[in-house]
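Chains as they are written, first to last, in full-length UniProt numbering: chain A, 1 to 381; chain B, 1 to 381. Below is one structure, written out as structure tokens; the observations come after it.
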């Protein structure tokens, strides 16, 4: 009958349903029962039973005949497809200057994104409410029912506990101690995963960005709260206490100052410290402005220090530079030159392909991982 | 009959032999056939057959009756024990100032150690020959037959390729490119594993030192060629290109000088830069010598910089400080204080328990791992 004989019949049914669902999902087109039987090695009655169950669960649907398809003699072959629209996922970034969200279907295809600015000084409640409101408005504006949310991923600066609460966050006022996951679970009424922002960003770059196919990656997220996320052997390296890559203090070691001072061309700290302001300093430097040239040199010197320390410790295949440094293409050549000087085995260096979307997209990918584990779980026997 | 039914009969025999060997090895005392039958769940004829095979292979031996044991009626019960003396292992360190070796039996129990000094300027051939000669003399002096060597582990500074050749070593003249593993395999006529010295040292501290029971450890090996070895989730983290922890350049990032200058009390570089010389500077500082105090302060500042960079990148549970810094107990308190300042989640800090033996003992443990994999291999089914 099935792929397995004996054992727990409900487990067997679940494994068989998983096999069918995977086949449906990976197919580029709708499949007939005959194709499913052939592709899965299951019997026709088994596949028929599973397809009924998947249709009841809303995960598979029978297609109308493809347009122009000729009906042969007898009844036409029924065709089934995976219902990516049966569920939705949110990826949310909660940062120092803004909150943002991306919405996708069950296949991870993006429907839309939304963001709102927020003050660095805003309190935890205000920030949390704005993040939730921004995401819920995105869901409404896409005409998606809130009840179809299967999971929400959140990326935010700081050290996150396994239960989704914030162990420590120096970048956001009132954030330390916040039960962020629990609060958002109440809002969204589905599983909520909370991850450090740089960790989410490196996951995003591997999924849809410049780290595609790489297993050993360090991503440096420049910004008000500089941090790094690392993949080792394809898996997130969070560290023993979740603090891996919290390199905010590295510049103190190198006796350097904070980025808003490094990048200042006026003697006053650069404010606001965002991608546009930083890009302006870089443009000024390219046009020959001496103070801007010095500012860029100071900034690159610090970035090299941070990146080199990470590279020497971890020896990654690839370093991705993101945050508001992304898009600043004047950065890469000096960074490469300096890494060649300091590292016995210099890694490749690339700018983030996802730019300001990296954190939210990575949070979405982590939510999708959770849902896929649930949909496609096969217990090891 | 056996634990498995059907399948490859030679595989089945091997699995059963492994089960019996494990039982023998983990027992504190010799075991009777009846005890082995009870402990393994195998049949008596199966255990008898396996014991014959293990005796032929020299891995098990029948014991004489224990002294004072009374013979009951009938023939006495035969007792068997694991023959740890059936094979031997070497752990070798090849460093800038010395070569050393430790010898153990198949159970990892140490028989003896030996070391020889060598000049930092010695060429690769001279260093290799001295390392081999020192180890072979150790084997002879313990009255062990060279033919009983089952594996040799080697720890040495630099980046090691998977085939045991040196990809890069800046610390030892002529070392880069040397096919170290292959050369020593010809000498010892058994498998030779080559590992970075700091990686070997962290393995040693976990086996017999201060990192016992820890899974996330960074070990900093201070010395002429400072380096670090890391365990992540209990496994060595070698990095994408084998260069993880090659932090020799970190002090350049912090605009610091080399340790022989940092620790100088005369204006001239400290020479030789070994544990005794460094201990003398620390003792002078404790006695109130101002220049020595300044030297120690410079040295600690640099060590904190290196360690903090590693800790921020990796977030380990424990940092172990070894190399010639080991035993210098004045180091730990300032290191802890500084890490508390810089790290969001400061790790525990400890001095190496194995001191100058750490690299050779770690190399021995890696050789033992290899042999145990071979002796106790059970294929996953």
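Cβ coordinates follow ideal geometry from the N, Cα and C atoms, glycine included. If you're wondering where the values come from, they're calculated on a predicted model, not measured in any experiment.
If you ignore the 5 residues before and after residue 159(A), its C-beta comes within less than 6 Å of the C-beta of 167, 168, 242 and 243, all in its own chain and listed in chain order.
Residue 295(A) sits in a helix when the DSSP states are folded into three classes. Scanning chain A for C-beta atoms nearer than 7 Å to the C-beta of residue 345(B) yields 159, 241 and 243, reported in chain order. At a cut-off of 7 Å between beta carbons, residue 93(B) makes no contact with chain A. Rounded to the nearest angstrom, the gap between the Cα atoms of residue 127(A) and residue 118(A) is 7 Å.
Residue 235(A) is bridged by DSSP to 232(A). By the neighbour-count criterion, in which a residue is buried when 16 or more other Cβ atoms sit within 10 angstroms of its Cβ, residue 206(B) is buried. In this structure, DSSP gives residue 117(A) an extended state, which the three-state scheme calls strand. Here residue 305(B) carries a helix assignment [DSSP, helix/strand/coil]. Secondary structure of residue 198(B) (DSSP, three-state): helix. Proximity of chain A to residue 182(B) at the Cβ level (cut-off 8 Å) is not reached, the minimal Cβ distance being about 22 Å. Only exposed fits residue 163(B), as fewer than 16 other CB atoms lie within 10 angstroms of its CB. Among the residues of chain B, none has a CB under 7 Å from the CB of residue 331(A); the nearest is roughly 17 Å distant.
Residue range 124-141 is occupied by the alpha helix (DSSP H) that includes residue 133(A), with no beta strand (DSSP E) assigned at that position. Around the C-beta of residue 340(B), fewer than 16 other C-beta atoms lie within 10 Å, and the residue is accordingly described as exposed. In terms of CA proximity to residue 142(A), 105(A) leads the group 174(A), 29(A) and 105(A). Taking 7 Å as the cut-off, the Cβ atoms of residue 313(A) and residue 313(B) count as close. Here residue 63(B) is exposed, its C-beta having fewer than 16 other C-beta atoms within 10 Å. Residue 340(B) is outside the set of residues whose beta carbon lies under 7 Å from a beta carbon in chain A. Counting C-beta pairs closer than 8 Å gives fewer than three between the segment 277-284 of chain B and the segment 279-294 of chain A, which falls short of the contact rule. With contacts defined as CB atoms closer than 7 Å, residue 202(A) and residue 217(A) qualify as a contacting pair.
Think of a sphere of 8 Å around the beta carbon of residue 316(A): the chain B residues whose beta carbon falls inside it are 239 and 240, in chain order. Residue 210(A) and residue 29(A) have their alpha carbons spaced roughly 29 Å apart. Contact between the segment 363-373 of chain A and the segment 77-97 of chain A is present: three or more C-beta pairs spanning the two stretches fall below 8 Å.
Residue 300(B) has a beta carbon lying at 7 Å or more from every beta carbon in chain A.
For residue 15(A), no CB of chain B lies under 7 Å from its own CB, so it is not counted at the interface with that chain.
Annotated as distal: residue 99(A) and residue 113(A), with beta-carbon spacing of 7 Å or more. If you draw a straight line from the Cα of residue 175(A) to the Cα of residue 191(A), it comes to about 20 Å.
Judged by beta-carbon spacing, residue 31(A) lies beyond the 7 Å limit of residue 246(B), meaning their Cβ atoms are not closer than that value.
Here the alpha carbons of residue 294(B) and residue 304(B) stand approximately 15 Å from one another. Think of a sphere of 8 Å around the beta carbon of residue 216(B): the chain A residues whose beta carbon falls inside it are 239 and 240, in chain order. The C-alpha of residue 317(A) is placed about 12 Å away from the C-alpha of residue 212(A). Residue contact check for residue 118(A) against chain B: no CB pair falls below 7 Å. Interface flag for residue 221(B) against chain A is unset, since no Cβ pair is found closer than 7 Å. Sequence-distant partners of residue 153(B) (beyond 5 residues in either direction) whose C-beta falls short of 6 Å from its own C-beta, in its chain, are 91, 193, 363, 364, 366 and 367. When DSSP states are grouped into helix, strand and coil, residue 100(A) belongs to the strand group.
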